[in-house]
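Residue numbers (the numbering used here): 1 to 182.
What follows is the structure, given as structure tokens:
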């Protein structure tokens with residue numbers, strides 16, 4: 001079973017997090033949400049979610065992917081102790097790292113986008129490019145073991161790209177049809 005960790009911090013973008021989590025769970029993945037310093041997070045539109053655990057207590061060895069939602073909380077998430085190190089360990093082990101909206105800037109700051117194509121929210125394009133990425137304005141972009149996406153309007157594309165990464169194009173297409181996506 002594919003296992004995924006989604007760190008969540010106050011100010012996360014609800015649509016980006018929940019759409020990706022929902023699609024991954026529909027695909028049969030074990031998705032663990034992890035709060036930062038507590039077992040809940042309040043999104044940028046005042047929706048509070050209870051998480052499955054706390055990020056500091058999670059072992060990355062258990063997960064096939066780490067998925068970062070965007071939103072105004074990204075700046076705080078980027079400064080969480082140990083996050084960059086965990087992302088680098090994940091990537092160097094050949095495991096998936098994925099980020100949407102402003103969160104690709106975290107991947108750039110961790111040094112994970114050098115020489116890669118990446119999509120992101122327009123306000124962080126310069127930061128992502130400064131991290132060595134070629135910024136592309138596609139809905140979701142896979143480059144090696146990295147998937148990035150532009151924002152809330154591309155959240156379903158982002159989730160489907162993760163499903164395609166693990167289960168192939170046919171599985172992602174079938175899931176897209178089940179939810180009447182294009």
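Cβ coordinates follow ideal geometry from the N, Cα and C atoms, glycine included.
- Excluding residues up to 5 positions away in sequence, 30 lie with their Cβ nearer than 6 Å to the Cβ of residue 1 in the same chain.
- Membership of residue 16 in any beta strand (DSSP E) is not indicated; the residue belongs instead to the alpha helix (DSSP H) covering 14-26.
- Of 84, 120 and 100, the smallest CA-CA separation from residue 112 is found for 84.
- In the DSSP annotation of this structure, the continuous segment of the beta strand (DSSP E) that includes residue 40 starts and ends at 40-42.
- In this structure, the straight-line span from the alpha carbon of residue 145 to that of residue 63 is close to 14 Å.
- Bounds of any alpha helix (DSSP H) do not take in residue 59, whose DSSP letter is neither H nor E.
- The alpha carbon of residue 48 has as its nearest neighbour, out of 55, 131, 33 and 60, the alpha carbon of 33.
- The beta-bridge partner set that DSSP reports for residue 182 is empty.
- Following the DSSP letters along the chain, one finds residue 35 inside the beta strand (DSSP E) bounded by residues 30-35.
- In this structure, the CA atom of residue 60 is about 7 Å from the CA atom of residue 86.
- Excluding five sequence positions before and after residue 143, the CB atoms of its chain that fall closer than 6 Å to its own CB belong to 116 and 117, given in chain order.
- By the Cβ rule, the stretch 150-164 counts as touching the stretch 122-140, because three or more pairs are nearer than 8 Å.
- Taken in chain order, the complete beta strand (DSSP E) segments of 3 or more residues contained in the stretch 59-133 are 65-68 and 96-100.
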